[in-house]
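Here the structure comes first, spelled out in structure tokens, and everything after it is commentary.
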Amino acid sequence: MRQRFPVTCVAGAAALALLLSACGGSAEASGEADTDARLTIAYPAQPPNLDPAVSTASATVAMTINVWEPLVTRDSQDEIQPMLAESWEISDDGRTYTFHLREGVLFHDGTDMTSEDVVASLSRWSELSGPGQAYFSGAAWSAVDDYTVQVELEQPSFGVLLALSGDREQTAPIMPAEIAEAAGSDPVTEIIGTGPFTFVEWEADRHLSLDRWDDYQPVEGEPDGRAGDRTAQVAGIDYEFVTDGATRVLGLQTGEYDVAMDIPYDNAPDVLEDESLVAGSYPVILLNLYYNKAEGMFADVEARRAIDTALERDSIMTAAVGEDFYTLTHSMMLDTQSGQWSSDVGADQFNQADPAAAEAMLEDLGLSGESVRIITTQDYGESYSAGVVIQEQLRNIGLDVSLDTYDWPTFTEVRDDPSAYDLAVIPNTAKDDPGTLVFFRDDFAGFTDSPDELLAAYRASATLEEAAEHYDGL
Amino acid sequence: MLTYICKRILSLIPVLTVVSVVIFSIIHLTPGNPARAILGPEASAEAVAALAEEMGLNRPIVVQYFSWLGSVLTGDLGYSPFLNRPVTEAIAGNLVPTLQLSTLALLVAVAIAVPLGTLAARYRGSIVDSLTQGVTLFGLAVPSFVLGLLLMLTFAVNLRVLPVAGYTNPFTDPLEGLRYLILPAISLGGVLAAFLTRTTRAAVMDVLMADYIDAARSRGVVEGRLLFRHTLRNAGLPILTVIGLTFGSLVTGSLVTETIFNIPGLGTLLVNSIERRDYPVIQGVVLLATLLYLLVNLVVDLLYAVVDPRIRYSEEK
Chain A
81 MRQRFPVTCV AGAAALALLL SACGGSAEAS GEADTDARLT IAYPAQPPNL DPAVSTASAT
141 VAMTINVWEP LVTRDSQDEI QPMLAESWEI SDDGRTYTFH LREGVLFHDG TDMTSEDVVA
201 SLSRWSELSG PGQAYFSGAA WSAVDDYTVQ VELEQPSFGV LLALSGDREQ TAPIMPAEIA
261 EAAGSDPVTE IIGTGPFTFV EWEADRHLSL DRWDDYQPVE GEPDGRAGDR TAQVAGIDYE
321 FVTDGATRVL GLQTGEYDVA MDIPYDNAPD VLEDESLVAG SYPVILLNLY YNKAEGMFAD
381 VEARRAIDTA LERDSIMTAA VGEDFYTLTH SMMLDTQSGQ WSSDVGADQF NQADPAAAEA
441 MLEDLGLSGE SVRIITTQDY GESYSAGVVI QEQLRNIGLD VSLDTYDWPT FTEVRDDPSA
501 YDLAVIPNTA KDDPGTLVFF RDDFAGFTDS PDELLAAYRA SATLEEAAEH YDGL
Chain B
25 MLTYICKRIL SLIPVLTVVS VVIFSIIHLT PGNPARAILG PEASAEAVAA LAEEMGLNRP
85 IVVQYFSWLG SVLTGDLGYS PFLNRPVTEA IAGNLVPTLQ LSTLALLVAV AIAVPLGTLA
145 ARYRGSIVDS LTQGVTLFGL AVPSFVLGLL LMLTFAVNLR VLPVAGYTNP FTDPLEGLRY
205 LILPAISLGG VLAAFLTRTT RAAVMDVLMA DYIDAARSRG VVEGRLLFRH TLRNAGLPIL
265 TVIGLTFGSL VTGSLVTETI FNIPGLGTLL VNSIERRDYP VIQGVVLLAT LLYLLVNLVV
325 DLLYAVVDPR IRYSEEK
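So the protein sequences, as listed, match chains A and B.
When the letters of the first sequence are read in order and numbered with my numbering, they come out as residues 81 to 554.
When the letters of the second sequence are read in order and numbered with my numbering, they come out as residues 25 to 341.
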């Protein structure tokens, strides 16, 4: 892993979620929320569509997670908890999962949610989504009775419930059977779920509105993470699409928005020092340096080791996001996921920051003074800033380094071209499951020789413990 | 006159054709894949390729151009896969805020520039003139987005008298609509006002030196009437020309202003569409902006005849 992917600078808190006290504060004081109020959220980007089976964009999940619900979900400790399924059994061979659905759950169109809807929704999701393809390839969903659903897997895997309860991207929503069937592989256009909010309208580039669903049937239990009673505490949510970061901050300060997502790092002090605002941050992005392993000098693992030895990550991350908003980890998962996924592999070689040794290594390889092309994008400021510091650090070990900057759509195309660069700085969204990390794919930037056998063995692990053993190998 | 107008309108066709070819080539030759934008940044290469094929993006660019041109000639600007609606509908929805903003910005500019420029010319060398010159220099130097952010900080954040960003249609709620539009209009119109003030000052100064002004003054025409009727009307030609020419800067300026103030106009639509490589929308918006620019300049040319009765658009020699 280390060789393939040495710089795992984890930018904790790529997004600061900020809550205005006008809502939060008064609710705290009186002990009760104003349930007639609507919540206005300034959101930086709009989703390409509202179908998490088709779109991998995180905005898609953000907009729909209160409309659609999965069979199972997670609490604040990342433990699997019931949502639309009240219980489930796993056969001894780990190949058959039986889900018992809650009865009396209504879709927003007033129809009863039954096993037929679950089978149609999850058959489609298994076929189209990344996690679906990873864990449900060849699986058969079937209805045992009106409120019991079964899935037969080709091979057992610990990841089944993890995938079904994912909440970062490509969630597994349950929708009416006729909507799932009519959509096929196209994004669904009718947004009808069982969640605490109903979809009202989405005016492209302007706003997306949700209303409280009065007939919502919550699962029993205290709210905890995504689990428990999710009954809406406000009359509705209005997402305003505000692309300009400064405008989001100013709008938050004047009370035009109740919540602003993704505060630019430069504006963090404005927000943190404003006593009328409550700021929160959570880790979402892994800022990664990709080596082009298909062409050029970094096809050689020793050259990659030299760069790995040279880089001093704290300077890189401080330039990228400021000193308060990152943590460094040698792992390929977030620091907060170390309970599930931890490995000491590579820890001793992480962040050596030894340019002299690196220079000597390059000299031994005959690569001193070699030209290196780094690509990055200014649309994600943290990528660009990190790129500038990496360029400087590599210049200091005698490499001739150029930094090419592109807008995001161009960048996503250039990074697929092995002849276009040597190093790429890419912000990746964090994953729940290491098996779905993009840099394992040979069709993604960096062109890793995909460790298919390891991944297959990992995915076929029956338990999380068994999977964790393969994690070291990955 | 009618022949002239017809001729001018016909001459739009080659210009629009050239613009359409250039725009089509630029956006199709720029890297970036709409299919990738639809499926998300981490979608598999296979899925992206399949969608690109389905969207017809793999056909030769010439075939794509003529298929698009064919539709345009029948009034169909295409369909946006992102907005999930026809381009004409998307443009129609976003055109109104832009026209309102541009008109208001133009009004702001003219309201500031014409009196200020005239006074500066009349009292040349005075403190009024020096101040005007200084302010216009500042106005020309400050980019409209900086002006916008400064206005936002002052009036929305510190004074809290106007909203930070957003849009309400002034036709449905005039007062609220104006509250949202006034800051962007000033920030957009400010730069134009600076330019226009300088043009007005120069033009008025030119006319003031003409003999007939002296003649009028000796006939006892009062100063105000002299300035605003005799002088300004004759200085109108260069001012009109500049207004027409700077309309283009209003369109380009609205790209930035609308983004900062979060106004759902053509500028925002264009910027977002470029980001997601929504080809039909980019082509549609640019084509419309070109058409608007050409039409505004045609109207300005026709207004010359109104301002200066000596100008006749006819076939007579």
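Heads up, the beta-carbon is just placed ideally off N, CA and C, and yes, glycines get one too.
Model, not experiment: these values are computed from the prediction.
For B:F219 and B:V266, believed in contact at Cβ under 8 Å, the rounded distance: 7 Å
Through-space distance from B:V134 to B:V324, alpha-carbon basis: 15 Å
Where B:L63 meets chain C, residues with beta-carbon distance less than 8 Å: This model lacks chain C altogether; the protein chains it does include are A and B.
Contact between the stretch 349 to 358 of chain A and the stretch 325 to 332 of chain A (3+ Cβ pairs under 8 Å): yes
Whole-angstrom distance between A:L369 and A:L517, CA atom to CA atom: 14 Å
Cutoff 8 Å: B:V45 Cβ touching any chain A Cβ: no
Supposed contact pair A:T251 and A:V185 - C-beta distance, whole angstroms, cut 8 Å: A:V185 to A:T251, Cβ: 17 Å. No contact.
Secondary structure of B:L256, DSSP reduced to three states: helix
B:A273 to B:T255 span [Cα, whole Å]: It should be noted that the sequence gives Ser, not Ala, for residue 273 of chain B. Each residue's Cα considered, the two are about 27 Å apart.
Status (buried if at least 16 other CB within 10 Å, exposed otherwise) for A:S135: buried
Collapsed DSSP secondary structure at B:Q157 in the structure displayed: helix
Length of the line joining the Cα atoms of A:A137 and B:L199: 38 Å
Backbone CA spacing between A:P127 and A:G325 [nearest angstrom]: 17 Å
Proximity winner among A:S541, A:Y501, A:G478 and A:L554, relative to A:R521 (alpha-carbon distances): A:L554
Cα-Cα separation, A:D346 to A:Y460: 13 Å
Proximity test, Cβ basis, 8 Å: A:T461 and chain B: According to the sequence as given, residue 461 of chain A is Gly; it is not Thr. Not closer than 8 Å to any Cβ of chain B, the Cβ of A:G461 fails to qualify, so no.
Sufficient close CB pairs (3 or more, under 8 Å) joining the stretch 268 to 288 of chain B to the stretch 176 to 191 of chain B: yes
Rounded C-alpha distance that separates B:V42 from B:Y89: 12 Å
Chain-ordered chain A contacts of B:E66 [CB-CB under 7 Å]: T136 and V518
Selection from A:S463, A:S422 and A:R453 that minimises the alpha carbon distance to A:A547: A:S422
Rounded separation between A:G264 and A:R204 - CA only: 7 Å
Every unbroken beta strand (DSSP E) within the stretch 280 to 334 of chain B, with a cutoff of 3 residues, ordered by chain: none
The stretch 309 to 325 of chain B in contact with the stretch 57 to 72 of chain B per 3-pair CB rule at 8 Å: no
Spatially closest choice to A:L130 from B:A239, B:N108 and B:A145, by CA coordinates: B:N108
Cβ neighbours of A:L483 in the same chain (closer than 7 Å, five flanking residues each side left out): I454, T456, G467, V468 and Q471
Straight-line gap, A:A536 to A:A133 (C-alpha atoms, nearest Å): 22 Å
Under the three-state DSSP convention, the category A:D192 falls into: strand
Contact set between B:V188 and chain A, taken where Cβ atoms lie within less than 7 Å: T327, L330, G331, T334 and E336
Host alpha helix (DSSP H) of B:P38 (start-end): L26 to L53
Partners in chain A for B:I284, counting only beta-carbon separations shorter than 8 Å: D324, A326 and T327
Cutoff 6 Å; reference A:Y215; Cβ partners in own chain excluding five residues on either side: S237, G239, V240 and A243
Sufficient close CB pairs (3 or more, under 8 Å) joining the stretch 424 to 436 of chain A to the stretch 395 to 410 of chain A: yes
The stretch 36 to 60 of chain B: positions lying closer than 8 Å to chain A by Cβ: T54, P55, G56, N57 and R60
CB contact below 8 Å: B:L326 versus chain A: no
Which listed residue (A:E493, A:L181 and A:I317) has its alpha carbon closest to that of A:I145: A:I317
Partners in chain A for B:P288, counting only beta-carbon separations shorter than 7 Å: D285 and R286
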